[in-house]
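As structure tokens, the structure follows; a few thoughts come after it.
Residue numbers (this note's numbering), protein chains in the order written: chain A, 44 to 232; chain B, 26 to 541.
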């Protein structure tokens, strides 16, 4: 049985989503991320208006399996595309074209290829969103006015209260030690 | 990093509203606007004037948030009117039948197919820039990829119109796809025309997905800015004075819906970047396949002038050539109309694209000469007759030599550095190339068809008013869509531009500079 995690609430009774701190430069947030990772936190994130080079390693994030999933779906698409042409042109509706045999594979190559690409493209976008838990239009962070600057030029770290190691005082102290500015609680769940 | 330009003139300039004065940052002498560094040890800046992250946001969001200059509405009105007239001609064609194109012989479908291949070719630069240059780690692509992708989508829309209406019974267009029907028949999968249906529709769909995925973070930025303005000033401007609905409410909902709740999480960015790479990886063979398959339409027939194996690479090189010319044709004026675009699209960007024009122009020129060589070398009398007696000397020789002049001769000026670095010259050459690439398709289609095997088939092609109206109308559709894009969507990939700024690197050390 999983350990019952603590639920933190503010004085007004709102649940606490986490603690957020802002950092001045990509270098600062990069080094802070390494420290948060080393402190053993797992449910936390770096928010930045652009992908910071190498931040996934600094955060200890494993490489996503997305390409593998997309490859499987793409090959399925190509297979279905071939099957469709073989069945329609070779079995169900046999048409004499230029005296060529029914159901030959050579003319099926372009459409097989195109359908493989089409399936891969759709699966890439859909998997990217699904793995990221999107679309999700309401989120505690998006209610926080200071957080919205992350879409412009602000870099932030937010450690979630759902993390096993989360402690309102210690987590805040850690972020303060790492040079975080405007450290604040994020309310909501 | 969060430095705002204090004076309002600079702020207006940042928002693209006024030309104003350039902030006084020293530009090394002999480097044009500062981007034309010759020293190979010095990396040319991708964004000029030491823009901060916030500057980039202000510049790019400014296009979508602030009213554009006075030029926008008249230009939009004009192109929209042209698009409408084109639509009326299409309506006339559907009501009357394709006889309105003068279709009483095999040559008279010329303009329709020419326009289709012309537009689909133009659509190739966008995916080339976003996919192939992404795989090659060409960082300069970030300044032009969004608008080039937009142009791709709009060009594919224009291209798809032509096969859609040339089938004669337009209400049967769904027969192009293998949809179960009461006649119990399926399309002929051995026909390159069907491959083309799949290639073009896949290309359009994948380009749209690629474009949209790239815009998700930028939509989120626009959403957050609208949201912030609403929180700070709930009494913002209204859509119409009589309604309580605020402009920013509409923005927050529309951009917010499109942003899908993106919140700039680095864990999301990781999957996003991998997904982007996957899309770039699959789009690269896709972009090469599409025009190859378009060329199969011709190459798999037995008509002299069409029946050649050089067509796929020749068409792809021509598509990249024509596509880049169109990118330059749109972005050089845009850069003048929005002066602050010059910080993002530098002379170096224009020079790079001019070099691509030169390189692909040479490939196209090589293909033209190789067609002649093979016509002679093959000893095929029909083929040699077509090239020596028809293309270069026949009644359409003027079209052939226009094509040679525009596509092979004019880009040669780019051997001179001064020509590559002067936007006006690049613009003029791009205009020539666009005309030349239209004529290339016209020459391939008409000269081959109008002297087919039987002299009874010989016929000259003259466009009818409907031909001209629909082609001009398609240019109107293209320009209308591009102007709407400039007005309402993020014109630059903000997140990508920010990521290539020097201060975006976690290993960047600010050598005692100020906040910029």
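Glycine included, every Cβ here is placed at the ideal spot set by N, Cα and C.
Remember, it's a predicted structure, so these values are computed and weren't measured experimentally.
Following the continuous alpha helix (DSSP H) through residue i, name the residue where it begins and the one where it ends.
{"i": "residue 88 (chain B)", "result": "78 to 90"}
{"i": "residue 238 (chain B)", "result": "217 to 257"}
{"i": "residue 65 (chain A)", "result": "Run containing residue 65 (chain A): none in the alpha helix (DSSP H); it sits in the beta strand (DSSP E), 59 to 66."}
{"i": "residue 500 (chain B)", "result": "490 to 513"}
{"i": "residue 526 (chain B)", "result": "Looking at the DSSP string, residue 526 (chain B) is not in any alpha helix (DSSP H), and its letter there is neither H nor E."}
{"i": "residue 398 (chain B)", "result": "372 to 402"}
{"i": "residue 136 (chain B)", "result": "135 to 147"}
{"i": "residue 171 (chain A)", "result": "152 to 174"}
{"i": "residue 154 (chain B)", "result": "Premise fails: residue 154 (chain B) is in no alpha helix (DSSP H) and is neither H nor E."}
{"i": "residue 422 (chain B)", "result": "422 to 429"}
{"i": "residue 101 (chain B)", "result": "97 to 121"}
{"i": "residue 215 (chain A)", "result": "211 to 220"}
{"i": "residue 408 (chain B)", "result": "406 to 409"}
{"i": "residue 23 (chain A)", "result": "Shown here, chain A extends from 44 to 232; a query on residue 23 (chain A) therefore has no answer."}
{"i": "residue 130 (chain B)", "result": "Segment: none, residue 130 (chain B) is in no alpha helix (DSSP H) and carries neither H nor E."}
{"i": "residue 186 (chain B)", "result": "170 to 191"}
{"i": "residue 357 (chain B)", "result": "336 to 362"}
{"i": "residue 69 (chain A)", "result": "69 to 81"}
Along the beta strand (DSSP E) that carries residue i, what are the first and last residues, could you check?
{"i": "residue 229 (chain A)", "result": "224 to 230"}
{"i": "residue 471 (chain B)", "result": "That residue, residue 471 (chain B), is in no beta strand (DSSP E); it is neither H nor E in DSSP."}
{"i": "residue 198 (chain A)", "result": "198 to 203"}
{"i": "residue 87 (chain A)", "result": "87 to 90"}
Report all residues from its chain with a CB closer than 6 Å to the CB of residue i; omit the five preceding and five following residues, and keep chain order.
{"i": "residue 455 (chain B)", "result": "350, 353, 354"}
{"i": "residue 101 (chain A)", "result": "73, 76, 77"}
{"i": "residue 461 (chain B)", "result": "428, 431, 432"}
{"i": "residue 277 (chain B)", "result": "248, 251, 252"}
{"i": "residue 47 (chain B)", "result": "Because residue 47 (chain B) carries a pLDDT of 46, less than 50, the predicted location of this residue cannot be relied on, and the following value inherits that uncertainty. Taken in chain order, the list of residues that qualify is empty."}
{"i": "residue 201 (chain B)", "result": "222"}
{"i": "residue 505 (chain B)", "result": "104, 105, 108"}
{"i": "residue 127 (chain B)", "result": "133, 489"}
{"i": "residue 209 (chain A)", "result": "none"}
{"i": "residue 501 (chain B)", "result": "104, 107, 108, 111"}
{"i": "residue 229 (chain B)", "result": "181"}
Looking only at its own chain, which residues have a Cβ that is under 7 Å from the Cβ of residue i, when we skip the five neighbours before and after it?
{"i": "residue 236 (chain B)", "result": "174, 175, 178"}
{"i": "residue 122 (chain A)", "result": "none"}
{"i": "residue 341 (chain B)", "result": "313, 316, 317"}
{"i": "residue 486 (chain B)", "result": "132, 133, 135, 471, 475"}
{"i": "residue 133 (chain A)", "result": "145, 146"}
{"i": "residue 100 (chain B)", "result": "508"}
{"i": "residue 446 (chain B)", "result": "57, 61, 372, 376"}
{"i": "residue 179 (chain A)", "result": "none"}
{"i": "residue 42 (chain B)", "result": "Bear in mind that a pLDDT of 48 at residue 42 (chain B), under 50, signals an unreliable position, so the number given afterwards is only what the model happens to contain. The answer, listed in chain order, is 91."}
In chain order, what residues of the same chain lie with their CB nearer than 8 Å to the CB of residue i, ignoring the 5 residues before and after it?
{"i": "residue 219 (chain A)", "result": "64, 226"}
{"i": "residue 240 (chain A)", "result": "For chain A, the structure presents residues 44 to 232; residue 240 (chain A) sits outside this window and is missing."}
{"i": "residue 65 (chain B)", "result": "none"}
{"i": "residue 468 (chain B)", "result": "416, 421, 424, 425, 428"}
{"i": "residue 345 (chain B)", "result": "149, 150, 153, 381, 385"}
Which residues share a DSSP beta bridge with residue i?
{"i": "residue 456 (chain B)", "result": "According to DSSP, which records beta bridges pairwise, residue 456 (chain B) is partnered with nothing at all."}
{"i": "residue 263 (chain B)", "result": "B:271"}
{"i": "residue 60 (chain B)", "result": "Beta-bridge pairing links residue 60 (chain B) to no other residue."}
{"i": "residue 52 (chain A)", "result": "A:58"}
{"i": "residue 290 (chain B)", "result": "A:90"}
Closer than 8 Å to a non-hydrogen atom of the ligand FAD - does that hold for the CB of residue i?
{"i": "residue 479 (chain B)", "result": "Ligands displayed in this structure: none; no statement on the ligand FAD is therefore possible."}
* Inter-stretch contact (C-beta, 8 Å, three-pair minimum) for the stretch 196 to 204 of chain B and the stretch 108 to 120 of chain A -> Output reads no: the stretch 108 to 120 of chain A does not touch the stretch 196 to 204 of chain B.
* Asked: Is the stretch 223 to 232 of chain A in contact with the stretch 51 to 71 of chain A, if contact means three or more CB pairs nearer than 8 Å?
  -> Counting Cβ pairs under 8 Å, three or more are found: they touch.
* To do: Examine the Cβ distances between the stretch 181 to 193 of chain B and the stretch 114 to 131 of chain B and report whether three or more of them are shorter than 8 Å.
  => The count of Cβ pairs closer than 8 Å, one atom from the stretch 181 to 193 of chain B and one from the stretch 114 to 131 of chain B, reaches three, so the stretches are in contact.
* **contact_flag[the stretch 164 to 171 of chain A, the stretch 257 to 268 of chain B] where n(CB pairs < 8 Å) is 3 or more** => The stretch 164 to 171 of chain A, when compared against the stretch 257 to 268 of chain B, does not touch it at the 8 Å Cβ threshold.
* **Validate contact between the stretch 83 to 103 of chain A and the stretch 136 to 156 of chain A using beta carbons, cut 8 Å, 3 pairs** => They do not touch, by the three-pair rule.
* To do: Tell me, please, whether the stretch 151 to 169 of chain B touches the stretch 470 to 486 of chain B by the rule of three or more beta-carbon pairs shorter than 8 Å.
  => no
* Do the stretch 505 to 516 of chain B and the stretch 154 to 167 of chain B meet, that is, are 3 or more Cβ pairs less than 8 Å apart? -> no
* Evaluate the contact criterion for the stretch 375 to 389 of chain B versus the stretch 431 to 448 of chain B: three or more CB pairs, one atom per stretch, below 8 Å. => Result yes; three or more Cβ-Cβ pairs closer than 8 Å.
* **the stretch 319 to 331 of chain B contacting the stretch 362 to 374 of chain B, beta-carbon criterion three pairs below 8 Å** => no
* Kindly confirm or deny that the stretch 291 to 309 of chain B and the stretch 184 to 191 of chain A touch, where touching means at least three C-beta pairs closer than 8 Å. => no
* To do: Take every Cβ of the stretch 50 to 60 of chain A, pair it with every Cβ of the stretch 148 to 166 of chain A, and state whether three or more of those distances are shorter than 8 Å.
  => No, the stretch 50 to 60 of chain A is not in contact with the stretch 148 to 166 of chain A.
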